[in-house]
Structure formats: C-alpha cells, structure tokens
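Here the structure comes first, spelled out in structure tokens, and everything after it is commentary.
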Amino acid sequence: MKSVDQITAFYVEALVEGKGDFSARAKSLGQEFYHSIQKGLLYWLAAIIASALLLDSSNAILVTILLSAIVIGWYLRKDYLQLKQAFNTECYSAILPKVVQFADDSLQYEANQGITRHVFQDSKLVPGAFVRYQGQDYITGQWEGVHFEMSDVYAAVERKGIFHFLQTAFHGVCVIIDNDKSFPGHLVIRPKPTFMDEEDRQEYEAFYKPFNNINVGYAAFDRYFEVYSDCTEDVHQLLSSRMIMQMMSLRAKYGDNVYLVFNSNKIVIGINGLHVFDRSKNVYFDSFYSDDVVVWYTELMRACSLIYDVRLAIKS
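Shown next as structure tokens:
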C-alpha cells in the first residue's frame, strides 16, 4: 500500500494533468458540440420556414415544427453522448494505466483484454452457456509474492419466455491466483441462488449435478453458501475454520456476491458487483476527475486485497 503522502502527490499530479491537456480537449469537444447545436437550430429554422411556405393547415405546420424539433433533438443528444463517450475513453486510456503503475510498477495492464471465456466457464463459478461475454481491464503480475491475473468480467445467459432476453449471470471482478497446494479436484463455494422460475432452478441443478453438494456443518456458513465438489474427502480439510471465517468476513464486506473456486493449483475468486475500475463514471467536459482517480486506486486495492485475504485463509 502507498503512503498517504504518495497518494496525495499522485492526486495532485492527476489534478494538474487534468487541468492541462484534458481540459483543453474538453473545451475542444465542447466547441464541437456547440457547432452541432448551431447547425441543429439552422435545420430547425429551415424546417419552420419550409412548413410555413408549403403547408396550408396551421395544425400541419405545428406538427411539422414539433416533429422536426424532436428529430433534431434526438440527433443532438446522440452527438453529445458520442462526444462524451469519446472523451471518457481518452481519459480512461491515459489515466488507468498510470493508476496500475502507481499501485505497483511491475504490474501489466491491458484495457481491452480480460480473463478469457473458456477459463471463466471452466471454473464453474456460475452456471450457464454464456451468449454474451466480455472481459476488460486485464491486470497480471505478482502481488504479495503471488502470481495472479484479474479482470472485469461480464457474462450473460439467454432466458426464454414470451420474449427472449439476456440475464446477467455475473458482472464483477474475477481474480485467479496460484495455489501452493494442488487441490485434487474441483471445489466451488458460491452464494445460495435465487431463481427466477422453475426452468432457472432446473438448469442450475443440472449444471452442478456432476458434483456433490456438501454440508460443511457450520450453521451460519451453510445458511448463506453452497459447496460443490467432485472430491469430497479433501473438502473438509481445505474448509478449515479459518477459511470458513474468512468467507463469512468477505460476505460481511461484499454481501451475497462472493464466489471461490479451487481447481488443481489455481484459485478463482469472484466478487459480483465489484470492479477493477468503475467505467460507468462520466467525465464531464467542464471538470476533471482527480477525485475519481483516487476512487479507482481504492477499487484496485480492494480487488488486490482479495489475493491477500484468501491466501491468508488457506495457510492454516
């Protein structure tokens, strides 16, 4: 962890940088949008004049003016959102790698890569054949002497009913770390599910049918978590009281969003709803996000702390 002085210095540097190139770029995009508004008003004025010259009915003229205003407003809104997204993307690509390097200069960062679909699916973290999958903000390296890879993961399955729709199966951070001791099988610890309907329940049960559903014998743990494994005899040795208490601690911190998988010499950690970097933040044209830089660093530290927490729990 960085000291308070180091974080403050990084904050100031981000603030200074933001008020330089990024502010200039923001003003440029703001001017571009202002010109779009001017063009939109000219088109609307042309529509008003044309409707007054070509139409006889006052109602028809009014409808034409209103419809042209709606169409032009829609195009202006679309243009604004595109410009804002372009600016956000530029800021992300400039700042997020620096946040990662600030955390540890040995870490490698790729914004548009992620933990691959087959690795995530093979972990059995969540059930389903994903029809949509995306990984981003991929970070790899060593943390506290442990090799790891992590990224944001979005996985969705298709639900069938009167209308087909996508149901989010997982959207959060996934961390994969090396384990000193190899687990001779596959162990999944996950929160108890809530089902949308009977079909959803049947698909869930079919997915985990090859595994044994294990009752750990710790009432508070069994109330919130389900445990599946194809190697029952080694589960209780791995799920020590220390590990159980750590899982309960993670649940207290993240709610019913904590997933843990042991598979051979890999440990997969999933926190649904936690992100390496929250990309939903909007960077407005008239301000810079130095506060958000510190938030992004904090989120990264929370994700990295999972490595320490889990490693500490298995060293019993």
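Here this note's numbering runs 173 ahead of the position in the sequence shown, where the first position is 1.
Ideal Cβ positions, reconstructed from N, Cα and C, are used throughout, including at glycine.
Predicted model only: the values in this text are computed from it and were never measured.
Next item on the list: Pair every Cβ in the stretch 402-420 with every Cβ in the stretch 258-277, then say whether three or more of these pairs are closer than 8 Å.
Entry: A contact between stretches requires three or more CB pairs, one per stretch, nearer than 8 Å, and the stretch 402-420 fails this requirement with the stretch 258-277.
Check: Can the beta-carbon of Asp403 be found closer than 8 Å to that of Gly358?
Finding: To locate residue 403, count along the sequence shown from 1; it is residue 230. To locate residue 358, count along the sequence shown from 1; it is residue 185. In this structure, Asp403 places its C-beta atom within 8 Å of the C-beta atom of Gly358.
Next item on the list: Assign Ile222 to buried or exposed, taking buried as 16 or more other Cβ atoms, counted over all protein chains shown, within 10 Å of its Cβ.
Entry: For the purposes of this step, residue 222 is identified with residue 49 of the sequence shown, where counting begins at 1. Exposed.
Note to self: If I measure Cβ to Cβ from Ala259 and keep anything under 8 Å in the same chain, skipping five residues before and after, which residues do I get?
What the structure shows: As a first step, residue 259 is located in the sequence shown; it is residue number 86 there, counting from the start. Around Ala259: Leu202.
Notebook entry, point to check: Should Asn388 be flagged as near chain D, meaning a C-beta pair shorter than 8 Å?
Noted result: Looking for chain D here will not work: only one protein chain is present.
Note to self: Cutting at 6 Å between CB atoms, please list the residues of its own chain near Tyr481, excluding the five before and the five after it.
What the structure shows: Walking along the sequence shown from the start, residue 481 turns up at place 308. Cβ neighbours of Tyr481 beyond the five flanking positions: Glu317.
Next item on the list: Give the secondary structure of Cys477 by DSSP, where H, G and I count as helix, E and B as strand, and everything else as coil.
Entry: In the sequence shown, the residue the question calls residue 477 occupies position 304. Here Cys477 sits in helix by DSSP.
Item checked: Within the stretch 330-403, ranges of the beta strand (DSSP E) (whole runs, at least 3 residues) -> 338-364, 385-387 and 398-402
Margin query: For Leu479 and Ile442, I'd like the C-alpha separation in whole angstroms.
Written below: Translated into the one-based positions of the sequence shown, residue 479 becomes position 306. Translated into the one-based positions of the sequence shown, residue 442 becomes position 269. Near 8 Å, if we compare the C-alpha coordinates of Ile442 and Leu479.
Note to self: Residues in the same chain with beta-carbon distance under 7 Å from Ala476, minus the five sequence neighbours each way, listed in chain order, please.
What the structure shows: Translated into positions along the sequence shown, residue 476 becomes position 303. Once the five neighbours on either side are set aside, the close Cβ partners of Ala476 are Met323, Val346, Val348, Leu447 and Val449.
Margin query: Please state the DSSP three-state secondary structure of Leu240.
Written below: On the sequence shown, position 67 is the one that residue 240 refers to. Reduced to three states, the DSSP call for Leu240 is helix.
Margin query: So, with DSSP's three-state summary, where would you put Asp229?
Written below: Here residue 229 refers to the residue found at position 56 when the sequence shown is read from its first residue. Coil, per DSSP.
Next item on the list: Let me know the secondary structure DSSP gives Lys192 once reduced to three states.
Entry: Translated into the one-based positions of the sequence shown, residue 192 becomes position 19. Because Lys192 carries a pLDDT of 48, less than 50, the predicted location of this residue cannot be relied on, and no value is offered for it.
Check: Residue range of the beta strand (DSSP E) that Ser310 falls in?
Finding: By one-based count along the sequence shown, residue 310 stands at place 137. First, the amino acid is wrong: residue 310 is Asp here, not Ser. It spans Arg305 to Trp316 - the beta strand (DSSP E) in which Asp310 sits, taken as one unbroken run.
Next item on the list: Alpha carbon to alpha carbon, how far is Val466 from Gly114? Give it in angstroms, no decimals.
Entry: As shown, the chain starts at 174 and ends at 489. That puts residue 114 outside it, with no answer to give.
Notebook entry, point to check: In whole angstroms, what is the alpha-carbon distance linking Ser422 and Tyr265?
Noted result: Start at 1 with the first residue of the sequence shown, and residue 422 comes out as number 249. Start at 1 with the first residue of the sequence shown, and residue 265 comes out as number 92. About 32 Å.
Margin query: My output table needs one value for Ala223: the three-state DSSP class, helix, strand or coil.
Written below: Looking up residue 223 in the sequence shown gives position 50. Reduced to three states, the DSSP call for Ala223 is helix.
Check: I think Gly287 touches Gln315, with their Cβ atoms under 8 Å apart; what is that distance to the nearest whole Å?
Finding: Taking the first residue of the sequence shown as position 1, residue 287 is located at position 114. Taking the first residue of the sequence shown as position 1, residue 315 is located at position 142. Contact between Gly287 and Gln315 does not hold, since their C-beta atoms are separated by about 19 Å, which reaches or exceeds 8 Å.
Checklist line | Where the beta strand (DSSP E) through Ile444 begins and ends | finding: Residue 444 sits at position 271 when you count from the first residue of the sequence shown. It spans Val431 to Asn445 - the beta strand (DSSP E) in which Ile444 sits, taken as one unbroken run.
Item checked: Close Cβ partners of Tyr427 (< 6 Å) along its chain, the five nearest in sequence each way excluded -> Within the sequence shown, the letter at position 254 stands for residue 427. Around Tyr427: Ile444.
Notebook entry, point to check: Among residues of its own chain, excluding the 5 on either side of Tyr207, which ones have a beta-carbon nearer than 7 Å to its beta-carbon?
Noted result: Here residue 207 refers to the residue found at position 34 when the sequence shown is read from its first residue. Once the five neighbours on either side are set aside, Tyr207 has no close Cβ partner at all.
Notebook entry, point to check: Would you call the stretch 223-231 and the stretch 429-436 in contact, with 3 or more CB pairs under 8 Å?
Noted result: no
Check: Where does Asp325 fall in DSSP's three states?
Finding: For the purposes of this step, residue 325 is taken as the residue at position 152 of the sequence shown. Note: Asp325 maps to strand in three-state DSSP.
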